[in-house]
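Q: Protein chains in written order, with the working numbering: chain A, 132 to 241; chain B, 26 to 143.
C-beta atoms are modelled at their ideal positions from N, C-alpha and C, and glycine is treated no differently.
Just dropping this structure here.
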C-alpha cells in the first residue's frame, strides 16, 4: 500500500553543517510531494512542495527535488542554523489525503 | 499562512470519561478538516475526514462511536473521545483546508492536543 519512509532521527548537527533527510515513497501514479516542519511547541506547517517529476521545491534555504525514477524527495539545506531545529515530515497526496512519514527530528547545536 | 487553533493543548482525564477537543480555523473558512493521531516516534495516522455539514468519513479501523467528530460550522470541528481508556492516550492533531487548498493539497495544522487517560 501507499507509504512514506524517511530516515530516523534524531539527526544532530553543528551550525552551518549540511543537512540531508532522505524520503522515499510508495504510491500509485505521481502524487504531489510535501515537506512539513514542526517547530517546538507549534503545529505542522508547510515547508515546501513539488507537484510533478523533476520539480524542485524550495523555501528558507531548504530544497527538495521530485525524483520519479527513485520515488524520492530528499530534503537538503546547505548551512543549517540553530533555528532549524525541528521535526521534519515528508508527505504525499494520496487521493486528497496526506500520507505522512514518521518524522525526523533535527537538532542543530551552536 | 492561515491559522488553526486547537484546544485544549493538553488534557488529563480518568478512564471512562469523555473528552472533547476543539479545532478552529481563525482566519479562513475550512471546508474540510482532518483529524490525525500521532504515537511517539510514529507518523501521523489519519483518523477521519470531515466536511462542513456532513457526517465524517472514518478511516479503516477507527471506531466512529469511540471518536465522535462534528463539523457544524466552517470554522469549528470537534473530536470527542468517548469513554476514554489508557490506550486512547495520544497526541491528536487537526488540520484544515479551505477552498483554495483543494487542488494544492496545502493543509494548515493545529498545535495538537495531548490526551492522557489515567
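1. Tell me which residues share the same chain as residue 239(A) and place their Cβ nearer than 7 angstroms to its Cβ, disregarding the 5 neighbours each side in the sequence.
2. The segment 165-181 of chain A: which residues have C-beta closer than 9 angstroms to a C-beta of chain B, in chain order?
3. Taking just the CA atoms, how far does residue 179(A) sit from residue 186(A)?
4. Figure out for me which residue from 231(A), 199(A) and 195(A) has the closest Cα to the Cα of residue 206(A).
5. For the beta strand (DSSP E) containing residue 226(A), list its first residue and its last residue.
6. Roughly how far, in whole angstroms, is the beta-carbon of residue 202(A) from the beta-carbon of residue 157(A), given that I think they are within contact range, below 8 angstroms?
7. Does DSSP put residue 207(A) in a helix, a strand or coil?
8. Report the rounded CA-to-CA distance for residue 33(B) versus residue 100(B), giving the unit in angstroms.
9. With 8 angstroms set as the bound, which would you pick, yes or no: does the beta-carbon of residue 243(A) sit closer than that to a beta-carbon of chain B?
10. Ends of the beta strand (DSSP E) at residue 71(B)?
11. Assuming the contact rule is C-beta atoms closer than 8 angstroms, residue 37(B) and residue 141(B) should be a hit. Round their C-beta distance to whole Å, please.
12. The beta strand (DSSP E) that contains residue 151(A), what's its start and end?
13. Indicate whether at least one CB of chain A lies closer than 8 angstroms to the CB of residue 66(B).
A: Short version:
1. Excluding residues within five positions, the ones whose Cβ falls inside 7 angstroms are 144, 146, 211, 212, 213, 215 and 216.
2. With the criterion set as a beta carbon lying under 9 angstroms from some beta carbon of chain B, the members of the segment 165-181 of chain A are 165, 167, 169, 172, 173, 174, 175, 176, 177 and 180, in sequence order.
3. Taking the straight line from one Cα to the other gives about 11 angstroms.
4. Ranked by how close their Cα comes to the Cα of residue 206(A), the residues 231(A), 199(A) and 195(A) have 195(A) in first place.
5. Element bounds for residue 226(A): n/a, residue is neither H nor E.
6. The Cβ separation is near 7 angstroms, so the contact holds.
7. In the three-state reduction of the DSSP assignment, residue 207(A) falls in the strand class.
8. Rounded to whole angstroms, residue 33(B) to residue 100(B) spans 16 angstroms at the Cα level.
9. Because residue 243(A) is not part of the residues shown, which for chain A are 132 to 241, the question remains open.
10. Start and end: 69-76.
11. Approximately 5 angstroms separates the beta-carbon atoms of residue 37(B) and residue 141(B); this is inside 8 angstroms, confirming the contact.
12. Following the DSSP letters along the chain, one finds residue 151(A) inside the beta strand (DSSP E) bounded by residues 150-152.
13. Yes, residue 66(B) lies at the interface with chain A (some Cβ there is under 8 angstroms from its Cβ).
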